[in-house]
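Per this note's numbering, residue 915 is the first one in the sequence shown, and the count goes up by one each step. Take a look at the structure below.
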Amino acid sequence: MPTKTKARSLPEGKLDHYAINKFQDVPIRPTVEANGKIMEELFKDSSDIVMREFEIENGPKALLCYVDGMVTTSAVDAAMKALMILEGGEFTIDLITETTLPVAQASKIQFYKELLTNLLSGDSVLFVDGQDTAVCLGLRGGIRRSVAEPETETVVRGPREGFNEHLRTNTSLVRSKIKSPRLKMKSFVIGTETNTNVILTYMAGIVNPKLLQEVEDRLSRIHIDGVLESGYIEEFVQDQGFSPFPQVQTTERPDTVAASLLEGRVAILVDGTPFALIAPFGFWQWLQASEDYYERFMVGTLLRWLRLFSLFVALFSPALYIAVSTYHPEMIPTNLLLSIAASREAIPFPAVVEALIMEIAFEALREAGVRLPRTVGQAVSILGALVVGQAAVQAGIVSAAMVIVVSMTGIASFTLPRYNAAIAIRMLRFPIMLLASVFGLLGIMIAAMVVVGHLAKLTTFGIPYLAPVTPVDLSDMKDVMVRAPWWKMRRRPKYLTPDNLQRQRPQPE
């Protein structure tokens, strides 16, 4: 094969200039000296790569390679000790792998691509003189952030554990929620330079095979030099990249991932980030929080109504104030109109400029609160909003009524449990305000029709974004604007077309 010939003839002096994919057909050399030269050339000026050459007792030379800080040192020491006290005999990779090494995970490797991928992922690699096969030792370790409560999805009632940056920790958290052999985790390596491990997890026998195949195809089509966070993957796999609305859900909660898998969705876990991706993701999931299913159904329903109302407040309240105060003052009660007029008497700007000043200031303060150290971030964001708002009113730049409207808008946007959905609302608020300043209530109606039309046209992995409201499916309405009791939700969402629609057995009469 031409590719194989090219890979074998790579000049060893320039191996460090090639990506790992170039080593697909480069075989392991039969001598420790040759393999050592290749490794030294590849990892020249890499102080974290440890290459420990030693001799197996009464036997051949061996070379152990690992990345310092990514392995459990005590386990490496134990493996080397087991080899150094090996007593004579015939030395083969099979013998070392099967009877000598005290390692739970040990596999044989014949080509450098797999060797380099495993080595740079935290495994240790052993070369033995006279063997053209290396041994990969699963001794991953190092310092990792412990499992802690998610910071972006806190709950009053529910599990307190969240994902961290270690992929295998995250998969184990999901596995601990769903103790079933039907929980599958398919591995991908994406990024020609970062070689990031990505896991596609799903429930076999529940997920629709067409949905699963579509997600696999989209992941396989990603060709990029690096993936440092799941946001890279999100932009590649979503249906419409220019839509402001998220089509993939992000979450730090293992219980949210487990619940989604049991509905027939799929999840994507990326090494190096605590944020998992869930697909498909529709509009009505904006209003759903994991806590809705842990509290009684009446509480969950009430909270969803509150979130839906807050969504409209966050999106339309500044525009509504601009339209009514500018073009339709007759819609305001007389006493309230007189109060607003008195507060705006000394204001030199129209209502739309007031709103833009306060909204931009509020967004800037919110961003500053996120970026500043945690100990001072909250104080700056809260005190800053109070001080800026009060100072702006006293200086006659904005009216007190506008401060109240912007404050209500900000509070309402915080009630949405999905952070990426709240960002979409924050972005759309500004063009709607401009339309309201030009056309009044007509501008708000135009904006509403455009937004609803776009949502109706939008799809997420081929599934309508507004399903099951449009197209209407009454059987799936038990978990949309209301949260029916668990004993009523006997079936999984039909719009996901799962292989197994039945969620629970029929209740006895």
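Think of the CB as a built atom: it goes at the ideal place given N, C-alpha and C, for glycine as much as any other residue.
Check each candidate in the options and name the one with the smallest Cα separation from residue i.
{"i": "G950", "options": "Q938, M1341, R1071 and L978", "result": "L978"}
{"i": "E1177", "options": "T1187, V1184, L1183 and I1192", "result": "I1192"}
{"i": "R1332", "options": "E971, P1095, I1236 and L1201", "result": "L1201"}
{"i": "L956", "options": "E1079, I934, A1350 and F1226", "result": "I934"}
{"i": "P1188", "options": "E1079, P944 and V1394", "result": "E1079"}
{"i": "S1060", "options": "F1077, F1156 and A1181", "result": "F1077"}
{"i": "V1394", "options": "I1254, Q1019 and G1196", "result": "G1196"}
{"i": "Y980", "options": "N972, R966, S988 and P974", "result": "R966"}
{"i": "V985", "options": "P944, N1032, V940 and T1108", "result": "N1032"}
{"i": "L1410", "options": "Y1146, W1400, P1399 and D1390", "result": "D1390"}
{"i": "F1230", "options": "I999, M1099, A976 and A1326", "result": "A1326"}
{"i": "E1075", "options": "V1141, E1166, R1406 and E1107", "result": "E1166"}
{"i": "W1198", "options": "R1058, L1225, E1209 and G1186", "result": "L1225"}
{"i": "A1260", "options": "A1306, E1277, L1349 and G1310", "result": "G1310"}
{"i": "S1086", "options": "I1023, A1172 and V1049", "result": "A1172"}
{"i": "K936", "options": "F1025, G973 and F1041", "result": "F1025"}
{"i": "R1179", "options": "E1149, I1147, E1128 and P1287", "result": "E1128"}
{"i": "I1120", "options": "V1088, L1355, S1174 and G1072", "result": "S1174"}
{"i": "T1384", "options": "E1268, F968, L1369 and V1112", "result": "L1369"}
{"i": "I952", "options": "P941, D962 and S961", "result": "P941"}
{"i": "G1307", "options": "E1268, W1400, V1386 and E954", "result": "Strictly speaking, residue 1307 in this sequence is Val, with Gly absent from that position. If we check each option's Cα against that of V1307, E1268 comes out closest."}
{"i": "E1144", "options": "G1186, D1131 and L1125", "result": "The question names Glu, yet the displayed sequence has Ser at residue 1144. Of G1186, D1131 and L1125, the residue nearest in Cα terms is G1186."}
{"i": "L1270", "options": "V1301, R1258, R1343 and R1210", "result": "R1343"}
{"i": "L1388", "options": "R1406, T1373 and K1371", "result": "R1406"}
Using 10 angstroms around the beta-carbon of residue i, count the other beta-carbons present and answer buried if the total reaches 16, otherwise exposed.
{"i": "G1303", "result": "buried"}
{"i": "L1081", "result": "buried"}
{"i": "P1412", "result": "buried"}
{"i": "G1002", "result": "Its pLDDT being 49, under 50, G1002 is placed unreliably by the model, and the measurement read from it follows with that caveat. The residue in question, G1002, is exposed, as its Cβ has fewer than 16 Cβ neighbours within 10 Å."}
{"i": "D1037", "result": "buried"}
{"i": "K1027", "result": "buried"}
{"i": "G1357", "result": "buried"}
{"i": "G1056", "result": "exposed"}
{"i": "P925", "result": "Confidence in P925 is poor, its pLDDT being 45 and thus under 50, which makes the residue's placement too unreliable to answer from."}
{"i": "V1320", "result": "buried"}
{"i": "S1021", "result": "exposed"}
{"i": "K1091", "result": "buried"}
{"i": "M1245", "result": "exposed"}
{"i": "I1254", "result": "buried"}
{"i": "S988", "result": "exposed"}
{"i": "N1084", "result": "buried"}
{"i": "M1212", "result": "exposed"}
{"i": "G860", "result": "Any question about residue 860 goes unanswered here, given that the chain covers just 915 to 1423."}
{"i": "G1214", "result": "buried"}
{"i": "G983", "result": "exposed"}
{"i": "E969", "result": "exposed"}
Can you determine whether any heavy atom of the ligand HEM sits closer than 7 Å to the C-beta of residue i, and answer yes or no?
{"i": "V1184", "result": "No copy of the ligand HEM appears in this structure; indeed no ligand is present at all."}
Assuming residue i and residue j form a contact by the criterion Cβ under 8 Å, report the distance between their Cβ atoms to the nearest whole angstrom.
{"i": "T1115", "j": "L1183", "result": "6 Å"}
{"i": "T1170", "j": "S1204", "result": "5 Å"}
{"i": "S1351", "j": "V1266", "result": "4 Å"}
{"i": "F1375", "j": "P1194", "result": "4 Å"}
{"i": "E971", "j": "I999", "result": "6 Å"}
{"i": "T1108", "j": "L1142", "result": "7 Å"}
{"i": "R1221", "j": "T1329", "result": "5 Å"}
{"i": "A976", "j": "L1009", "result": "Not a contact, Cβ separation roughly 13 Å."}
For residue i, decide whether its Cβ has a neighbour in chain B, counting only Cβ atoms nearer than 8 Å.
{"i": "V1088", "result": "No chain B is present in this structure, which holds just one protein chain."}
Task: contact_flag[the stretch 986-1001, the stretch 1064-1078] where n(CB pairs < 8 Å) is 3 or more - done: no
Task: Complete runs of the beta strand (DSSP E) confined to the stretch 1273-1356 [at least 3 residues] - done: none
Task: contact_flag[the stretch 1133-1147, the stretch 1045-1063] where n(CB pairs < 8 Å) is 3 or more - done: no
Open item on the list: Within 8 Å, do at least three Cβ pairs link the stretch 1158-1172 to the stretch 1323-1338?
Closed with: yes
Open item on the list: Report the start-end ranges of each beta strand (DSSP E) in the stretch 949-1030 that is 3 residues or longer and not cut off at the edges.
Closed with: 963-969, 975-981 and 1020-1023
Task: Contact between the stretch 1313-1323 and the stretch 1223-1235 (3+ Cβ pairs under 8 Å) - done: yes
Task: Every unbroken beta strand (DSSP E) within the stretch 1100-1181, with a cutoff of 3 residues, ordered by chain - done: 1110-1117 and 1163-1165
Open item on the list: Please give me, in chain order, every unbroken run of the alpha helix (DSSP H) with length at least 4 that falls completely inside the stretch 1354-1378.
Closed with: 1355-1371
Task: Ranges of the alpha helix (DSSP H) found wholly within the stretch 1208-1272, counting only runs of at least 4 - done: 1211-1241 and 1248-1257
- [ ] Report yes or no: do three or more beta-carbon pairs, one from the stretch 1372-1391 and one from the stretch 1136-1153, lie closer than 8 Å?
- [x] yes
- [ ] Go through the stretch 1059-1106 residue by residue and report every complete run of the alpha helix (DSSP H) that reaches 4 residues or more, in order.
- [x] 1081-1091
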